Amino acid sequence: MKSSSGAHFIALDHVRAFAALMVFTWHFTHAGVGYPVPFEYVPNLFPFAILDEGHTGVALFMALSGYLFAKLLDGKRISYYTFLWNRALRLLPLLLIVILFVAFQKQLQGENMVNFFRQIAKGVLLPTLPNGGWSITVEFHYYLILPIIFWMLRKSKYLPLALIAAARIGCYFVRGEVQMFAYWTILGRIDQFALGMIFFQFRNFFSGRHIIAFLTMIGFCAFYWYFDLIGGFYKNVQYPSPSLLWLIMPTIEGLAYATLIAWYESSFKHSVNGISWMWAKMGEYSYSIYLLHFFVVFHAAKFIHEHVMPIANFYLACIWAFITFVMMAPIGYLSFRFVEAPFLRLRKQYILPN
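One point on numbering: in this note's numbering, the residue at position 199 of the sequence shown is 185, and numbering is uninterrupted.
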């Protein structure tokens, strides 16, 4: 989810690193089963709810990707197929290696490999790819439908929004829930991509508007605390949840994150040294960390909880999650250096002269 043109924006690398930290903390503290911190826990310090429900970091990735897309292509003509080629070079090599490694693990465990590769084949359309690979499917779906979205916008600026709303409402009445589609598919995530692109156009408005940014952060954290309180991702009655909140959940996330991205990038001069540089490097390696942390994070949390100190306390678990996340930097660097970077050198210029 980094520029395939080679352009480097340190502020956006900061945001990317924080998004990866949110997802990492979600997996470290809960491990998908409520261990070592139970899902029922709700932080007393309400801003920490976005870490307790750190899956929302994926929404931040999506909004950031849309914002970056708009930043790179604003007012420019592109070769669409070359653009897709560059995105494939950026995303697929590491994803394929991860899939093969997961296949090797499952082979050692005696699992049926035919069923596994059937799931992988379904991942072209469905959220079945391992290690967070489902989000790569969603991102590629967005790039594939972009020409259709632009065509609809020429007909009416409200047409895409109307179709998205109709699709979600239809899913709700057919299935009795829409969480699965809103979280795991382009049907929900398209809001976040689109809002990231739209808010790039208003970045100058948000420059220096610290009160707006502060109120957005407080309001969004308070909303997520409420979401956590009523059950969060897994415990809002059941999973998938029948709550109507999921009809607008992606939009709320997209609005908040797009606002904060536009404000953060346009309001500060970001240093290229010290802590700013180090945190930006975590963002630069975030794609590797995102896909590879599944091999580490659950074992690390269990080892620390059982052999170093109990971390059922959420705040203590967050501290250890941050330490472990930073320790992923060498792994991220090696993956970026020897897996991602060689393919990035094969990219082609997709921006055409005007």
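Idealized CB from N, CA, C, for every residue including glycine. These numbers come from a predicted model, not from an experiment.
Could you check whether residue j and residue i sit closer than 7 Å to each other, using their CB atoms as the reference points?
i: ILE352; j: LEU81; result: The displayed coordinates of the chain run from -13 to 340. Any statement about residue 352 would go beyond what the structure contains.
i: PHE322; j: SER274; result: yes
i: TYR271; j: TYR319; result: yes
i: GLN335; j: TRP232; result: no
i: LYS255; j: PHE25; result: no
i: ILE290; j: TRP306; result: yes
i: THR202; j: ALA242; result: yes
i: PRO236; j: GLY174; result: yes
i: ILE106; j: ILE135; result: no
i: ILE172; j: VAL124; result: yes
i: HIS0; j: GLY269; result: yes
i: PHE280; j: ASN117; result: yes
i: PHE69; j: ALA5; result: no
Suppose the cutoff is 7 Å on Cβ atoms and the five residues either side in sequence are ignored; what does the same chain contact list for residue i look like?
i: VAL23; result: THR15, HIS16, ALA298, PHE300 and ALA303
i: GLU239; result: THR42, ALA45 and GLN178
i: SER65; result: TYR336 and LEU338
i: LEU(-2); result: LEU50, LEU54 and GLU251
i: ARG195; result: TRP249
i: PRO33; result: CYS207
Could you give the distance in angstroms between the alpha-carbon of residue i and the alpha-carbon of residue j?
i: LEU332; j: ALA74; result: 11 Å
i: PHE209; j: PRO328; result: 42 Å
i: TRP170; j: THR114; result: 9 Å
i: ILE83; j: PHE191; result: 42 Å
i: LEU59; j: PHE186; result: 11 Å
i: LEU246; j: ILE(-4); result: 15 Å
i: ALA244; j: GLY52; result: 9 Å
i: PHE87; j: HIS285; result: 17 Å
i: PHE167; j: ARG154; result: 8 Å
For the alpha helix (DSSP H) that residue i lies in, which residues bound it at each end?
i: GLY205; result: 196 to 215
i: PHE308; result: 300 to 313
i: ARG189; result: 189 to 192
i: PHE281; result: Note, PHE281: premise wrong, no alpha helix (DSSP H); not H, not E.
i: LEU233; result: Careful: LEU233 lies outside any alpha helix (DSSP H) and carries neither H nor E.
i: ALA180; result: 172 to 186
Skipping 5 residues on each side, what residues in its chain have a beta carbon closer than 8 Å to that of residue i?
i: MET99; result: ALA89, LYS92 and GLN93
i: SER262; result: ILE(-4), HIS0 and HIS256
i: GLU326; result: ARG76, PRO79, LEU80, TYR273 and SER274
Once you ignore the five residues that flank residue i on each side, which residues in its own chain have a CB closer than 6 Å to its CB?
i: VAL9; result: GLY40 and GLY43
i: TYR27; result: PHE300
Taking 6 Å as the cut-off, is the beta-carbon of residue i closer than that to any non-hydrogen atom of the ligand SAH?
i: ARG175; result: Among the ligands in the structure shown, none appear at all, so the ligand SAH cannot be discussed.
Completely contained alpha helix (DSSP H) runs for the region 37 to 73, where each covers 4 or more residues: 43 to 59
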